[in-house]
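Worksheet for the structure shown next.
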Amino acid sequence: MPEHYRYSLPVKAGDQRQLGELTGAACATLVAEIAERHPGPVLLVAPDMQNALRLA
Numbered sequence: 004m005p006e007h008y009r010y011s012l013p014v015k016a017g018d019q020r021q022l023g024e025l026t027g028a029a030c031a032t033l034v035a036e037i038a039e040r041h042p043g044p045v046l047l048v049a050p051d052m053q054n055a056l057r058l059a
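Just so we're aligned, residue 4 is where the sequence shown starts under this note's numbering, counting upward by one.
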């Protein structure tokens, strides 16, 4: 059965994806799913240290 996702991963060098307006654990869950699906490194930029620590 094929899996369906709400977003697409970057396909080539230089492609970017931006996520926003995620509440609660939705951001951490989505970041974990992206990291699991993407074979290379994933860079997550948070607006401040408090938000970054919530995702750690």
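Idealized CB from N, CA, C, for every residue including glycine.
Owing to the predicted nature of the structure, the values given are computational and were not obtained by experimental measurement.
- Message: Considering only heavy atoms of the ligand COA, does any lie closer than 6 angstroms to the CB of R9?
- Response: Within the structure as shown, the ligand COA is missing, as the structure has no ligands at all.
- Query: If you follow the alpha helix (DSSP H) that R57 is part of, which residue opens it and which one closes it?
  - Reply: As a first step, residue 57 must be located in the sequence shown, where it is residue number 54. Residues 52 to 58.
- Query: At which residues does the alpha helix (DSSP H) containing A31 begin and terminate?
  - Reply: Numbered from 1 along the sequence shown, position 28 holds the residue referred to as residue 31. Where A31 is concerned, the enclosing alpha helix (DSSP H) starts and stops at 29 to 40.
- Give every residue of the same chain whose Cβ lies closer than 7 angstroms to the Cβ of Y10, excluding the five residues on either side of it in the sequence, and list them in chain order. For this step, residue 10 is matched to residue 7 along the sequence shown. So the list reads R20, once near-sequence residues are dropped.
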